[in-house]
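This report concerns only the one structure given below.
Residue numbers (the numbering used here), protein chains in the order written: chain A, 1 to 240; chain B, 1 to 252.
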């Protein structure tokens with residue numbers, strides 16, 4: 001209903017850095033088997049075991065916007081191979097960080113899932129992305145894959161994710177976003193061992209409100225008043 | 001040729017004076033140790049222990065997280081491991097301050113914002129949010145991170161040790177962790193290994209402890225053996241210069 005009257009702008013790009021840090025932490029959490037390290041520490045058990053490297057592994061990014069790209073930038077310095085999926089793959093044809101880019105057809109997601117050791121979902125929630133990562137997608141995961149969601153809960157089929165975690169198809173998951181927030185205590189995700197849960201706060205830095213407000217006050221408000229083009233316009237039809 | 005990077009276990013006096021050439025496997029562990037270092041920094045920045053406690057209690061409680069971006073990493077011992085950490089830290093947008101025996105060697109290093117010699121270690125401590133000890137154990141580095149040095153730590157600093165336990169005064173470290181003058185520590189090495197059961201380090205909840213295993217990749221034995229077989233052995237047989245020579249008098 002707002003289509004012709006109001007311009008919507010957002011704070012995209014402001015949270016990318018902190019979220020990219022979270023993604024690398026989540027990958028390492030599983031690669032170095034931090035749960036086992038901490039368990040051993042609690043038991044005062046000095047038990048050496050092999051650790052994995054992220055170097056040489058593949059990171060698949062579903063939704064290659066600012067956040068996806070910030071993750072790719074960091075992961076590439078770790079020596080990871082990057083595969084990405086976005087609506088308009090041609091936009092990233094010459095991207096410095098991506099080794100392979102897929103479009104959003106069903107095959108694209110299947111390929112990405114089958115090639116990735118670590119999958120990051122950083123897509124916004126739109127009519128097109130709702131339930132995008134479904135049971136079919138999880139059926140195609142690589143052995144021992146880890147799934148990370150920091151986009152929006154509704155993009156993944158949470159039941160299918162839970163199933164994939166319970167039957168061991170996924171080695172683990174790190175979730176900062178959920179279909180329902182706060183996550184109800186009755187949700188079985190709380191009880192799974194191989195999952196890292198955060199209360200949608202991995203972008204909640206002490207300065208984020210400050211920076212987002214500064215962006216409005218220093219960038220878009222003056223632009224608006226001077227009748228100039230605004231930064232970060234949202235395509236209302238597309239939803240992001 | 002040792003299969004390890006560390007050669008501190010070789011204590012023979014005779015070896016230092018002899019004409020035997022000693023080479024090591026330095027550089028092979030840097031990548032995985034740098035990954036561990038960034039994980040340990042994020043462990044404290046995002047308060048991973050709090051996340052895990054909240055999960056056990058099914059408690060959805062939002063809290064602020066810290067960013068590594070903009071924070072300072074101080075690296076004590078700027079060799080292969082230190083440099084690998086610097087490369088990652090820079091990618092995260094951190095400021096990097098390094099300390100090494102011969103600071104001039106890193107004067108133009110693009111991954112260091114500042115390089116200090118050993119005499120400026122307290123300065124490094126005062127500037128660093130995350131202190132990474134990545135030095136080898138030698139006469140010069142034993143006890144280098146002393147009680148006095150630790151007292152110069154920045155508020156809420158985190159210390160990470162991927163070098164050797166004895167470089168840090170462990171009793172002083174424990175005191176600093178217990179009193180809160182250090183926010184936390186990530187220790188992959190300790191003064192005595194295996195760590196004795198009565199060490200307070202096991203029970204401190206601001207310590208992440210691992211059994212000197214963060215360089216134990218499935219492929220490390222293969223890679224260091226391959227290095228010997230494919231690189232140094234042919235060089236030796238042909239009378240060529242060997243890679244990774246150890247300076248026996250310096251100890252690394």
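Note that CB positions come from ideal geometry on N, CA and C, so glycine has one too.
- Own chain, CB closer than 6 Å to residue 239 of chain A, minus 5 neighbours either side, in chain order: Start at 1 with the first residue of the first chain, and residue 239 of chain A comes out as number 239. Result list for residue 239 of chain A: 126, in chain order.
- Among A:23, A:8, A:6, A:32, nearest to residue 217 of chain B - alpha-carbon criterion: To locate residue 217 of chain B, count along the second chain from 1; it is residue 217. If we check each option's Cα against that of residue 217 of chain B, A:32 comes out closest.
- Please go through the same chain and pick out, in chain order, the residues whose beta-carbon is closer than 6 Å to the beta-carbon of residue 87 of chain A, but skip the five residues on each side of it. Along the first chain, one-based indexing puts residue 87 of chain A at 87. The residues are 104.
- Task: Please determine, among A:9, A:55, A:174, A:170, the residue with the shortest C-alpha to C-alpha distance to residue 150 of chain A.
- Result: Taking the first residue of the first chain as 1, we reach residue 150 of chain A at position 150. Closest by alpha carbon: A:174.
- Under 6 Å Cβ to Cβ from residue 114 of chain B, same chain only, skipping five residues before and after it: list those, please. On the second chain, residue 114 of chain B is found 114 positions in, with the first residue counted as 1. So the list reads 97, once near-sequence residues are dropped.
- Message: Give me the chain A residues within the contact set of residue 62 of chain B, using Cβ-Cβ distance strictly less than 8 Å, ordered along the chain.
- Response: Here residue 62 of chain B refers to the residue found at position 62 when the second chain is read from its first residue. Going along chain A in sequence order, the residues near residue 62 of chain B (Cβ under 8 Å) are 199, 200, 201, 204.
- Contact between the segment 81 to 89 of chain B and the segment 46 to 60 of chain B (3+ Cβ pairs under 8 Å): no
- Item | Beta carbon of residue 157 of chain B nearer than 9 Å to that of residue 131 of chain B | Along the second chain, read from residue 1 onward, the residue named residue 157 of chain B stands at position 157. Along the second chain, read from residue 1 onward, the residue named residue 131 of chain B stands at position 131. Yes; because the gap between Cβ atoms is below 9 Å, this pair is in contact.
- Query: Leaving out the 5 sequence neighbours to the left and right, which residues in its chain are closer than 7 Å to residue 162 of chain A when beta-carbon positions are compared?
  - Reply: Walking along the first chain from the start, residue 162 of chain A turns up at place 162. Hits under 7 Å: 188, 189.
- Query: Which residues in the same chain have their Cβ closer than 7 Å to the Cβ of residue 27 of chain A, if we skip the five residues on either side of it in sequence?
  - Reply: Counting from 1 along the first chain, the entry for residue 27 of chain A is found at position 27. Excluding positions up to five away in sequence, the list reads 54, 118, 146.
- Query: Going along chain B, which residues have a C-beta under 8 Å from residue 143 of chain A?
  - Reply: Start at 1 with the first residue of the first chain, and residue 143 of chain A comes out as number 143. Correct list: empty, because the minimum Cβ distance to chain B is about 15 Å.
- Query: Fully enclosed by the segment 126 to 170 of chain A, which alpha helix (DSSP H) runs are 4 residues long or longer?
  - Reply: List check, alpha helix (DSSP H) in window: 135 to 139, 158 to 166.
- Query: Going along chain B in order, which residues have a C-beta closer than 7 Å to the C-beta of residue 182 of chain A?
  - Reply: Reading the first chain from its first residue, position 182 is the one you call residue 182 of chain A. Within chain B, the residues near residue 182 of chain A are 60.
- Mark residue 144 of chain B as exposed unless 16 or more other C-beta atoms lie within 10 angstroms of its C-beta, in which case mark it buried. The residue you call residue 144 of chain B lines up with position 144 of the second chain. Classification for residue 144 of chain B: buried.
- Item | Residues of the segment 56 to 68 of chain A whose Cβ lies closer than 7 Å to any Cβ of chain B, in chain order | none
- Who are the Cβ neighbours of residue 234 of chain A in its own chain at under 6 Å, not counting the five residues just before and after it? For the purposes of this step, residue 234 of chain A is identified with residue 234 of the first chain, where counting begins at 1. Cβ neighbours of residue 234 of chain A beyond the five flanking positions: 8, 10.
- When DSSP builds the beta bridges, which residues end up paired with residue 70 of chain A? Translated into positions along the first chain, residue 70 of chain A becomes position 70. Residue 70 of chain A is not bridged to any residue.
- Does DSSP put residue 115 of chain B in a helix, a strand or coil? Walking along the second chain from the start, residue 115 of chain B turns up at place 115. If DSSP states are grouped into helix, strand and coil, residue 115 of chain B belongs with the strands.
- Cβ neighbours of residue 178 of chain A in the same chain (closer than 6 Å, five flanking residues each side left out): Locating residue 178 of chain A in the first chain gives position 178, counting from the first residue. Excluding sequence neighbours, residue 178 of chain A sits near 153.
- Message: Tell me the rounded alpha-carbon separation between residue 235 of chain B and residue 197 of chain B.
- Response: Translated into positions along the second chain, residue 235 of chain B becomes position 235. Translated into positions along the second chain, residue 197 of chain B becomes position 197. Approximately 45 Å between the Cα atoms of the pair.
- Query: By how many angstroms is the C-alpha of residue 2 of chain B removed from the C-alpha of residue 8 of chain B?
  - Reply: As a working note, residue 8 of chain B is residue 8 in the second chain. As a working note, residue 2 of chain B is residue 2 in the second chain. In a straight line, the C-alpha of residue 8 of chain B is about 11 Å away from that of residue 2 of chain B.
- Item | Start and end residues, beta strand (DSSP E) containing residue 32 of chain B | Sequence index remark: in the second chain, residue 32 of chain B carries index 32 (1-based). According to the DSSP assignment, residue 32 of chain B belongs to no beta strand (DSSP E) but to the alpha helix (DSSP H) extending over 30 to 45.
- Taking only runs of the beta strand (DSSP E) that begin and end inside the segment 191 to 232 of chain B, which ones reach a length of at least 3 residues, in chain order? 207 to 209
- Item | Per-residue DSSP class, three states only, for residue 100 of chain A | Mapped onto the first chain, residue 100 of chain A falls at position 100. Strand, per DSSP.
- Message: Please identify, using Cβ separations under 8 Å, the residues of the segment 64 to 98 of chain B that lie next to chain A, in order along the chain.
- Response: 64, 65, 66, 67, 68, 69, 87, 88, 91, 92, 93
- Does the Cβ of residue 21 of chain B have 16 or more other Cβ atoms within 10 Å, making it buried, or fewer, making it exposed? Stepping through the second chain from its first residue, residue 21 of chain B is reached at position 21. Residue 21 of chain B should be labelled exposed.
- Query: Listed from N- to C-terminal order along the chain, which residues in the segment 208 to 222 of chain B have their beta-carbon within a distance smaller than 9 Å of any beta-carbon of chain A?
  - Reply: Of all residues in the segment 208 to 222 of chain B, only 208, 209, 210, 211, 212, 213, 214, 215, 216, 217, 218, 219, 220 place a beta-carbon less than 9 Å from a beta-carbon of chain A.
- Item | Min CB distance residue 31 of chain B to chain A below 9 Å | Counting from one through the second chain, the residue named residue 31 of chain B turns up at place 31. Chain A, which has a Cβ nearer than 9 Å to the Cβ of residue 31 of chain B, makes this yes.
- Could you say which of B:179, B:99, B:166, B:170 lies nearest to residue 112 of chain B if we only look at CA atoms? Locating residue 112 of chain B in the second chain gives position 112, counting from the first residue. Checking every option, the nearest Cα to that of residue 112 of chain B belongs to B:99.
- Message: I believe residue 122 of chain A touches residue 142 of chain A by the beta-carbon criterion, under 8 Å. Please report the beta-carbon distance rounded to the nearest angstrom.
- Response: Residue mapping note: residue 122 of chain A aligns to position 122 of the first chain, counting from 1. Residue mapping note: residue 142 of chain A aligns to position 142 of the first chain, counting from 1. Rounded, the Cβ-Cβ distance is 19 Å, inconsistent with contact.
- Message: Does chain B have any CB closer than 9 Å to the CB of residue 53 of chain A?
- Response: In the first chain, counting from the first residue as 1, residue 53 of chain A sits at position 53. So, interface residue.
- Task: Go ahead and pull the three-state DSSP assignment for residue 54 of chain A.
- Result: Position 54 of the first chain, counted from the start, is the residue given in the question as residue 54 of chain A. Three-state result, residue 54 of chain A: coil.
- Query: Within this structure, are the beta carbons of residue 83 of chain A and residue 101 of chain A separated by less than 9 Å?
  - Reply: Translated into the one-based positions of the first chain, residue 83 of chain A becomes position 83. Translated into the one-based positions of the first chain, residue 101 of chain A becomes position 101. Result yes, Cβ atoms of residue 83 of chain A and residue 101 of chain A sit closer than 9 Å.
- Of the residues A:191, A:50, A:18, the one placed nearest residue 30 of chain A, counting alpha carbons only: Walking along the first chain from the start, residue 30 of chain A turns up at place 30. Ranking A:191, A:50, A:18 by Cα distance to residue 30 of chain A puts A:50 first.
- Message: Am I right that residue 113 of chain A and residue 168 of chain A are in contact with their C-beta atoms under 8 Å? What's the rounded C-beta distance?
- Response: Here residue 113 of chain A corresponds to residue number 113 of the first chain, with the count starting at 1. Here residue 168 of chain A corresponds to residue number 168 of the first chain, with the count starting at 1. About 16 Å separates the two Cβ atoms, so there is no contact after all.
- Query: Going along chain B, which residues have a C-beta under 8 Å from residue 79 of chain A?
  - Reply: Taking the first chain and counting its residues from 1, one reaches residue 79 of chain A at position 79. In chain order: 31.
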